[in-house]
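With our numbering as the guide, the letters of the sequence shown map in order to residues 18 to 252. Using N, Cα and C, we set each Cβ at its ideal position, and we do this for glycine too. Note that the structure is a prediction, hence the values are computed from the model and not measured. Please read the structure below before turning to the comments.
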Amino acid sequence: MSERELVDLNLVEQATQEIKNMIIAGRYDEEGYLPSEGEMSALFGVSRATVREAVRSMEVRGFVQRIHGKGVKVVDNGVNSLAQSLSDLMVMGGCSLKDIIEVRHIIETSAAKSAAFRATGADIEQMRRAVEEMEAAGQMDEAYIQSDFAFHMAMIRASGNPVLVAIFEAYTPLLTDTIKAASQGEEVIEQKYHFHRDILEAVVAHDRVRAGEAIKRHLSATEENVHVQVLEKEE
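Following this line, the structure appears as structure tokens:
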């Protein structure tokens, strides 16, 4: 029987959580290395084999990297790892457009409110440029869709919350699908309804309540358009 087969999986999960806690708490040296396997074994009250499996699990997820002859180094890309894990889950789970719009209501409403409080001049300029491109568009073509996406990306980043950014980046491929699905009509939506400009103006005014209401109106309209253009046709 191999060493890995002898390891108690419950203990491995416990050790993995302990390592996560150490990383969150910043309990590693100035070069980013965790304590040795022997030290972690003593700290967690488990065998070295259990610690080794826990480290292997964290390495696969992209949180740490084993450096030969030096030890286990914390990788500074936790948000990227979270985004990739969520993206894989969404793709493998076969999320529908309806699922993604529901998530967008939760994530982007929170982000819009935070952006109204934290947006920098550079964030606002990126959002403004996207709005002006949508308003000047002759049709809702690929360029329009890219400007729409750029607006939402800038708004999410303006929230200043890396977890919101990670979740947004995870559903980016499906977000593009919802934008395309909602942009199949003859009218250029932004020219008629100014959903994105309303959000922008609320952010510029640092009005959290107004920003939240504006993004909700926009996403409700998106949900209705997707239902008409896609979901009703599928039923």
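For V91, the three-state secondary structure derived from DSSP is strand.
Check the Cα spacing between T33 and each of Y50, L236, T67, A133: the tightest is with T67. Here the C-alpha atom of H223 lies approximately 29 Å from the C-alpha atom of A160. Segment contact: the region 161-168 against the region 118-127, fewer than three CB-CB distances shorter than 8 Å; contact not assigned. At the C-beta level, K87 and G229 stay beyond 8 Å of one another. V182 is positioned such that its CB atom lies closer than 8 Å to that of I173. Of the candidates A128, E47, E142, the residue whose Cα lies closest to the Cα of I184 is A128. Here T239 is buried. Its C-beta has 16 or more other C-beta atoms within 10 Å. In this structure, the alpha-carbon of R69 lies about 18 Å from that of R44. Where Q82 is concerned, the enclosing beta strand (DSSP E) starts and stops at 81-84. Shown here, Y45 sits in coil according to DSSP, grouped into three states, outside any helix or strand. Annotated as proximal: S176 and R135, with beta-carbon spacing under 8 Å.
Of the candidates R225, V221, E48, Y210, Y210 places its Cα closest to the Cα of L236. In the three-state scheme derived from DSSP, where H, G and I count as helix and E and B as strand, Y188 is classed as coil.
As a beta-bridge residue in DSSP terms, Y50 pairs with K90. By the CB criterion at 8 Å, A171 and D194 fall outside the cutoff.
Straight-line measurement puts the Cα of A71 at about 49 Å from the Cα of Q201. Per DSSP, reduced to three states, the secondary structure at V148 is helical. Spatial neighbours of L51 in its own chain (CB-CB distance under 6 Å, excluding positions within 5 residues in sequence) are listed in chain order as Y45, V89.
Q31 and V226 have their C-alpha atoms roughly 42 Å apart. Separation of R73 and P179 (C-alpha to C-alpha, rounded to the nearest whole angstrom) is 25 Å.
Apart from sequence neighbours up to five positions away, the residues of its chain that approach A231 with a beta-carbon distance below 6 Å are D215, I216, A219, ordered along the chain.
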